[in-house]
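If you read the sequence shown in the numbering used here, its first letter stands for residue 1, the second for the next number, and so on. Beta carbons are placed, not taken as given, at the ideal position from N, Cα and C, and that holds for glycine. Here is the structure we will look at.
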Amino acid sequence: MSDKTVVITDASTNRSATLPVVSGTMGDPAFDIGKLNKDTGYFTYDPGFMSTAATKSAVTFIDGDQGVLLYRGYPIEQLAKQSNFLEVAYLLINGELPSAAQFQTFEHDVTHHTMMRESLKNFFQGFHYDAHPMAMSMAAVGSLAAFYHDSLDINDPAQRKLAAIRLIAKMPTIAAAAYRYSIGWPIRYPRNNLEYCTRFLHMMFEVPSEPLQLSPVAAKALDLLFILHADHEQNASTSTVRLVGSTGANPYACVAAGIAALWGPAHGGANEAVLKMLAEIGDAKNVGKAVERAKDKNSGFRLMGFGHRVYKNFDPRATIIREMCHKVLADLNVSDPMLDVAMELEAAALKDSYFVERKLYPNVDFYSGIIYKALGIPTEMFTVMFAIARTAGWVAHWLEQHETPDAKIGRPRQIYTGAPTRDYVDVEKR
Ligand code: SDX
1 MSDKTVVITD ASTNRSATLP VVSGTMGDPA FDIGKLNKDT GYFTYDPGFM STAATKSAVT
61 FIDGDQGVLL YRGYPIEQLA KQSNFLEVAY LLINGELPSA AQFQTFEHDV THHTMMRESL
121 KNFFQGFHYD AHPMAMSMAA VGSLAAFYHD SLDINDPAQR KLAAIRLIAK MPTIAAAAYR
181 YSIGWPIRYP RNNLEYCTRF LHMMFEVPSE PLQLSPVAAK ALDLLFILHA DHEQNASTST
241 VRLVGSTGAN PYACVAAGIA ALWGPAHGGA NEAVLKMLAE IGDAKNVGKA VERAKDKNSG
301 FRLMGFGHRV YKNFDPRATI IREMCHKVLA DLNVSDPMLD VAMELEAAAL KDSYFVERKL
361 YPNVDFYSGI IYKALGIPTE MFTVMFAIAR TAGWVAHWLE QHETPDAKIG RPRQIYTGAP
421 TRDYVDVEKR
């Protein structure tokens, strides 16, 4: 907190407002404009929230200039090296790293909530085989509210925690079911003797006719990708979860809304769009043309996986994933010409003044698809993978907002640009 204030004055009317300055433990301070309209009759206007903090939060911190990402104060580089996704999920939700006993309990609880109700499996039959797995996942997650009436009371901390556990536990089961349905294979039950990522890969790829040969490299690589995608401050999908949460909606509806927001190609949908873009470029020799197209405002083409609202330096997650690409492809003995195209595209863009001046660097989505592809995960499933991981962050923010006293419903104002007041005209006179 801070006792500093700033005074803003409307020179034309000489009306002033004294705004408290709000500071957190790290990051830029903010003017508290909560009373601005009441005191001055003015709103602030900031479409896209370029300079607006919508909430206080202790979950994650990003320094976009330094390329820093902290989950509950722990640097992403250390968590990527030393932790695992479920431990990171515990950290995001509870604010502290778990003791061995706490982690064992958490892992047991998640493991014993992985199944979905048998009748929920029938939902998938209602889709065409070619339904996008994000459409199926969003529908299935929203429908969890129809099954789990014992975790809908948002005023009961125990029910809130149970819903959080259920969402983290069931996302992989739902995601794998959507994939299996889309390829006409039988939906597999989660195996509780497997750890989180291995269990997911088993539900994705196991076939009744032969034992599944799963490489431990695959599960480890997936776990690391899930850590890197778990949370990211007030990004569009997390802000959506919070806005829906502010109305008192149940947690399953909130996370379904988060999945919907994540699907957009400007957000989580970018990882799927990157692979399609790399395939369209096809070869490193076409990279120059792609870079020129991306600079041409009239082309409607952007380098997917490049740029970020907050990072004006390297996205630390992209740096880790780029290094991972080489190791995972080598360990899995897979070569992918798209990696060469991606590396060439990155090198060309980072030398080009258009990208340098606008501080456009590869973001988390630029390389992740190359690893998913090496793990055998189809392109349409890439954003679903993002949603599995980000469910940890979404529920952490949802829990935080309900643990915040007198949280208000989110209700932005607007600048009205429509017709001034006018009278109705009968149809004969129009
Ligand atoms: C994620 O918020 C998060 O934290 C998100 C995320 C998370 O973990 O939750 O990090 C995950 O969503 C990563 C971003 C994935 N999206 C993409 O990779 C899509 C491609 N990138 C862009 O569309 C864009 O960079 C955004 C959406 C990511 C950021 O958009 P901003 O901050 O609104 O920036 P902008 O669109 O105003 O661009 C600023 C300038 C513009 O040029 P000028 O008008 O100044 O001349 O940079 C240009 C843009 O045209 N620009 C690009 C570009 N991104 C921005 N030009 C070419 N290619 C690009 N990718």
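>> If I measure Cβ to Cβ from Asn84 and keep anything under 6 angstroms in the same chain, skipping five residues before and after, which residues do I get?
In response: Position 84 of the sequence shown, counted from the first residue, corresponds to residue 84. Excluding residues within five positions, the ones whose Cβ falls inside 6 angstroms are Asp223.
>> Considering just the uninterrupted stretch of the alpha helix (DSSP H) at Thr111, what are its terminal residues?
In response: Numbered from its first residue, the sequence shown carries residue 111 at position 111. 100-111 is the span of the alpha helix (DSSP H), which, as asked, contains Thr111.
> What span of residues does the beta strand (DSSP E) with Pro20 cover, start to end?
Replying inline: Start at 1 with the first residue of the sequence shown, and residue 20 comes out as number 20. Looking at the DSSP string, the run of the beta strand (DSSP E) that includes Pro20 is 15-22.
>> I believe Val207 touches Leu332 by the beta-carbon criterion, under 8 angstroms. Please report the beta-carbon distance rounded to the nearest angstrom.
In response: Here residue 207 corresponds to residue number 207 of the sequence shown, with the count starting at 1. Here residue 332 corresponds to residue number 332 of the sequence shown, with the count starting at 1. Not quite, the Cβ-Cβ distance comes to about 19 angstroms (not below 8 angstroms), so this is no contact.
> At what residues does the beta strand (DSSP E) containing Tyr129 begin and finish?
Replying inline: The residue given as residue 129 occupies position 129 in the sequence shown. Tyr129 -> no beta strand (DSSP E), and no H or E assigned at all.
> Which class does Leu360 belong to by DSSP, given the choice of helix, strand or coil?
Replying inline: Sequence index remark: in the sequence shown, residue 360 carries index 360 (1-based). Three-state DSSP puts Leu360 in coil, outside helix and strand.
> Which residues in the same chain have their Cβ closer than 7 angstroms to the Cβ of Asp406, if we skip the five residues on either side of it in sequence?
Replying inline: Indexing the sequence shown from 1 puts residue 406 at position 406. Closer than 7 angstroms at the Cβ level, and outside the excluded window around Asp406, lies no residue.
> Does the ligand SDX have a heavy atom nearer than 7 angstroms to the CB of Arg293?
Replying inline: The residue given as residue 293 occupies position 293 in the sequence shown. Flag unset: Cβ of Arg293 not near the ligand SDX.
> For Ala163, which residues from the same chain have a beta carbon less than 6 angstroms from its beta carbon, with the 5 sequence-adjacent residues on both sides left out?
Replying inline: Position 163 of the sequence shown, counted from the start, is the residue given in the question as residue 163. The answer, listed in chain order, is Ser151, Pro251.
>> Considering just the uninterrupted stretch of the beta strand (DSSP E) at Tyr71, what are its terminal residues?
In response: Along the sequence shown, one-based indexing puts residue 71 at 71. Start and end: 68-71.
> Within 7 angstroms: the Cβ of Val334 and any heavy atom of the ligand SDX?
Replying inline: Locating residue 334 in the sequence shown gives position 334, where the first residue counts as 1. Flag unset: Cβ of Val334 not near the ligand SDX.
>> If contacts are defined as beta-carbon pairs under 8 angstroms, then Pro362 and Phe301 qualify, I think. What distance do you get, rounded to the angstrom?
In response: Counted from its first residue, the sequence shown places residue 362 at position 362. Counted from its first residue, the sequence shown places residue 301 at position 301. Not really, about 17 angstroms apart at Cβ, beyond 8 angstroms.
> Is the number of C-beta pairs between the segment 347-356 and the segment 190-198 that are closer than 8 angstroms three or more?
Replying inline: no
>> the ligand SDX and Ala175: does the residue's C-beta get closer than 7 angstroms to at least one heavy atom of that ligand?
In response: The residue labelled residue 175 in the question sits at position 175 within the sequence shown. No, the ligand SDX has no heavy atom inside 7 angstroms of this Cβ.
>> Can you tell me whether Glu210 is helix, strand or coil according to DSSP?
In response: Along the sequence shown, read from residue 1 onward, the residue named residue 210 stands at position 210. Strand.
> Rounded to whole angstroms, how far is the Cβ of Val446 from the Cβ of Val141, which I believe are closer than 8 angstroms?
Replying inline: Residue 446 is absent from the model: the chain starts at 1 and stops at 430.
> DSSP three-state call for Thr44: helix, strand or coil?
Replying inline: In the sequence shown, the residue the question calls residue 44 occupies position 44. Of the three classes helix, strand and coil, the one that applies to Thr44 here is coil, per DSSP.
> Among Thr18, Arg166, Lys359, which one has its Cα closest to the Cα of Tyr42?
Replying inline: As a position in the sequence shown, residue 42 is number 42, starting the count at 1. Selected option, being the one with the closest Cα: Thr18.
> Taking the continuous alpha helix (DSSP H) assigned at Asp223, which residues delimit it?
Replying inline: Numbered from its first residue, the sequence shown carries residue 223 at position 223. Its alpha helix (DSSP H) spans residues 216-229.
>> I need the straight-line Cα distance from Glu292 to Pro211, nearest angstrom please.
In response: For the purposes of this step, residue 292 is taken as the residue at position 292 of the sequence shown. For the purposes of this step, residue 211 is taken as the residue at position 211 of the sequence shown. Taking the straight line joining both Cα atoms gives about 49 angstroms.
>> Using C-beta distances below 8 angstroms, list every residue in its chain close to Lys121, excluding the 5 sequence neighbours before and after it, in chain order.
In response: Reading the sequence shown from its first residue, position 121 is the one you call residue 121. Answer for Lys121: Ala177, Ile187, listed in chain order.
>> What residue range does the beta strand (DSSP E) around Val7 cover?
In response: For the purposes of this step, residue 7 is taken as residue 7 along the sequence shown, with counting starting at 1. Segment 5-10, the beta strand (DSSP E) holding Val7.
>> Does the beta-carbon of Leu278, which I'm using as the reference point, lie nearer than 7 angstroms to any heavy atom of the ligand SDX?
In response: Within the sequence shown, numbered from 1, the residue matching residue 278 stands at position 278. Result no, Cβ not under 7 angstroms from the ligand SDX.
>> Let me confirm a value: Asp365 is counted as buried when at least 16 other C-beta atoms fall within 10 Å, else exposed. Which label applies?
In response: Residue 365 sits at position 365 when you count from the first residue of the sequence shown. That one is buried.
> Taking the alpha carbon of Gly369 as the point to measure from, which residue in Phe226, Gln102, Met26, Cys197 has its own alpha carbon closest?
Replying inline: Taking the first residue of the sequence shown as position 1, residue 369 is located at position 369. Residue Phe226 is the option with its Cα nearest to Gly369.
>> Just to confirm, is the Cβ distance from Ser239 to Ala54 under 8 angstroms?
In response: One-based indexing of the sequence shown puts residue 239 at position 239. One-based indexing of the sequence shown puts residue 54 at position 54. Taking the C-beta atoms as reference points, Ala54 is found nearer than 8 angstroms to Ser239.
> Quick one: is Ile259 buried, meaning 16 or more other Cβ sit within 10 Å of its Cβ, or exposed?
Replying inline: Counting from one through the sequence shown, the residue named residue 259 turns up at place 259. Looking at its Cβ environment, which holds 16 or more other Cβ atoms inside 10 Å, Ile259 is buried.
> Do you know offhand how far Met26's Cα is from Met324's?
Replying inline: Here residue 26 is taken as the residue at index 26 of the sequence shown, counted from 1. Here residue 324 is taken as the residue at index 324 of the sequence shown, counted from 1. Distance between the alpha carbons of Met26 and Met324: 29 angstroms.
> Within the present structure, is the beta-carbon of Val68 separated from the nearest heavy atom of the ligand ATP by less than 7 angstroms?
Replying inline: As for the ligand ATP, it is missing from this structure, which binds only the ligand SDX.
> How many angstroms separate the CA atom of Pro420 from the CA atom of Gln414?
Replying inline: To locate residue 420, count along the sequence shown from 1; it is residue 420. To locate residue 414, count along the sequence shown from 1; it is residue 414. C-alpha separation (whole angstroms): 15 angstroms.
> CB of Ala58 to nearest heavy atom of the ligand SDX: below 7 angstroms?
Replying inline: Against the sequence shown, residue 58 aligns to sequence position 58. For the ligand SDX, not one heavy atom lies less than 7 angstroms from the Cβ of Ala58.
> Beta-carbon separation of Val241 and Trp394 under 8 angstroms?
Replying inline: If you number the sequence shown from 1, residue 241 lands on position 241. If you number the sequence shown from 1, residue 394 lands on position 394. Their beta carbons are under 8 angstroms apart, which means Val241 touches Trp394 by this criterion.
> Which class does His308 belong to by DSSP, given the choice of helix, strand or coil?
Replying inline: Position 308 of the sequence shown holds residue 308. It is coil, neither helix nor strand.
> Which one or two residues does DSSP pair with Tyr74 in a beta bridge?
Replying inline: Taking the sequence shown and counting its residues from 1, one reaches residue 74 at position 74. Per DSSP, Tyr71.
> Using the C-alpha atoms, what's the distance from Ile33 back to Asn155?
Replying inline: As a position in the sequence shown, residue 155 is number 155, starting the count at 1. As a position in the sequence shown, residue 33 is number 33, starting the count at 1. If you take the alpha carbons of Asn155 and Ile33, they lie about 29 angstroms apart.
>> Taking 7 angstroms as the limit between beta carbons, can you name the residues of its chain near Asp283, skipping five residues before and five after?
In response: Stepping through the sequence shown from its first residue, residue 283 is reached at position 283. Cβ within range, chain order: Val341.
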